[in-house]
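**Student:** Attaching a single structure in structure tokens format; questions to follow.
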């Protein structure tokens, strides 16, 4: 990779200690959950490091493809953050993230957009215009990633004090009012980590937020429980019971996770188990529900297409009698 790549990696990459549950002050359910969550964090940083050091995107992709099956998506998420930071720190149009999305990163497109959101959280606002989020539908995942980052690293403010962004400046269009909802979806994902994959603890964290925020939080939690895993069947059923009022959102988040896993070819038993409980069907079938909800998706309305898509998916599971 060369001396400049090695130096760039050393300067840009956060220390792996930042992903330790004890350092973060997160709940520890048991040693197995701790190991899983810390491995996810380490895999993310591994991907970030590859992106920081690589001479080009293809060089990073070769390294990313060697990450173990279950954690590869998190490595691509970290790589997207790393490439987004590099794009933002150099003048001109974004180069690295578009190349990642056009290459092997396309299979991990949802995780890549989330990774761009991590970069947003670390970069000064004047540099946000240099971040690449070309898909008008998926761009809301950038704010999901931003919300996850803030809850993960600024837990006291965003989780314990339940701070919510007001008048968020990105993406800066007529749908700016929706930014807080997208950020809350990311916070909901992070709560699965903050709560140590313990369904009772996670439910307590969500219930401490104002009622009007809980639907988005439960959606994010359903996504994380399905994509990251860490809970057995009884624990997932406990989460399903605790979130009874928000089952359509739990199912929607779970289906999104299934779609991300299936698209990337990274489907595993923990995802299948979660979609059976939350969606009442195998992961591949849950993905089809998300795909069908995309047909004739309206654009340019008062509600972002992203939210219309989410609502359609939730309504599908209600009509199927799952919620």
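In my numbering, the protein residues as written are 853 to 1175.
Note that CB positions come from ideal geometry on N, CA and C, so glycine has one too.
1. Could you give the DSSP three-state label for residue 1083: helix, strand or coil?
2. Report the start-end ranges of each alpha helix (DSSP H) in the segment 982–1052 that is 4 residues or longer and not cut off at the edges.
3. In three-state terms, what does DSSP make of residue 925?
4. Whose C-alpha, out of 889, 998, 877, 926, is nearest the C-alpha of residue 898?
5. Taking the alpha helix (DSSP H) that residue 1140 belongs to, which residues open and close that run?
6. Would you mind sorting residue 1170 into buried or exposed? The rule is 16 or more other CB atoms within 10 Å of its CB.
7. Specify the secondary structure class of residue 1060 as computed by DSSP and reduced to three states.
8. Check whether the Cβ atoms of residue 964 and residue 929 sit closer than 8 angstroms, and answer yes or no.
9. So, are the CB atoms of residue 951 and residue 919 less than 8 angstroms apart?
10. With residue 874 as the anchor, note down where its alpha helix (DSSP H) starts and where it stops.
11. Buried or exposed: residue 896, going by 16 or more other Cβ atoms within 10 Å of its Cβ?
12. Given this structure, state the Cα-to-Cα distance separating residue 975 from residue 968, to the nearest angstrom.
13. Report back the beta-carbon spacing between residue 1011 and residue 1003 to the nearest angstrom; my notes put them in contact at under 8 angstroms.
14. Identify, in the order they occur along the chain, each residue of the same chain with its Cβ nearer than 7 angstroms to the Cβ of residue 1023, setting aside the five sequence neighbours on each side.
15. DSSP state of residue 902, grouped into three classes?
16. What separation, rounded to the nearest whole angstrom, lies between the Cα atoms of residue 1135 and residue 1106?
17. From residue 834 to residue 1072, what distance separates their C-alpha atoms?
18. Chain D beta carbons: is any one of them nearer than 8 angstroms to that of residue 983?
19. By Cβ distance, which residues of its chain are closer than 6 angstroms to residue 938, with the 5 residues on each side in sequence left out?
20. Three Cβ pairs or more, each shorter than 8 angstroms: is that satisfied between the segment 1148–1167 and the segment 1119–1137?
21. Hey, quick one: how far does the alpha helix (DSSP H) through residue 1174 stretch, first residue to last?
22. Locate the alpha helix (DSSP H) running through residue 1106, then write down its first and last residues.
23. Compare the Cα-Cα distances from residue 1145 to each of 1166, 936, 1126 and report the closest residue.
24. Could you say which of 1168, 980, 905 lies nearest to residue 941 if we only look at CA atoms?
25. For the candidate residues 911, 914, 1021, whose alpha-carbon lies nearest to that of residue 977?
26. Rounding to the nearest angstrom, what Cα-Cα distance links residue 859 and residue 916 in this structure?
**Tutor:** Reading it off the structure:
1. In the three-state DSSP reduction, residue 1083 falls in the coil class, being neither helix nor strand.
2. Entirely contained in the segment 982–1052, the alpha helix (DSSP H) runs reaching 4 residues are, in chain order, 992–1005, 1031–1046.
3. helix
4. 926
5. 1135–1144
6. exposed
7. coil
8. yes
9. no
10. 873–876
11. buried
12. 11 angstroms
13. 5 angstroms
14. 991
15. helix
16. Each residue's Cα considered, the two are about 9 angstroms apart.
17. Residue 834 falls outside the range modelled here, since the chain spans only 853 to 1175, and no answer is possible.
18. Absent from the structure is chain D; it holds one protein chain and no more.
19. Close CB contacts of residue 938 within its chain, under the 6 angstroms cut and outside five residues either way in sequence, are with 948 (chain order).
20. no
21. Here residue 1174 belongs to no alpha helix (DSSP H), and DSSP marks it neither H nor E.
22. It spans 1099–1116 - the alpha helix (DSSP H) in which residue 1106 sits, taken as one unbroken run.
23. 1166
24. 980
25. 1021
26. Below a pLDDT of 50, predicted positions are generally treated as unreliable, and residue 859, at 46, falls in that range; the measurement from the model is reported next regardless. Between the alpha carbons of residue 859 and residue 916 lies a gap of roughly 20 angstroms.
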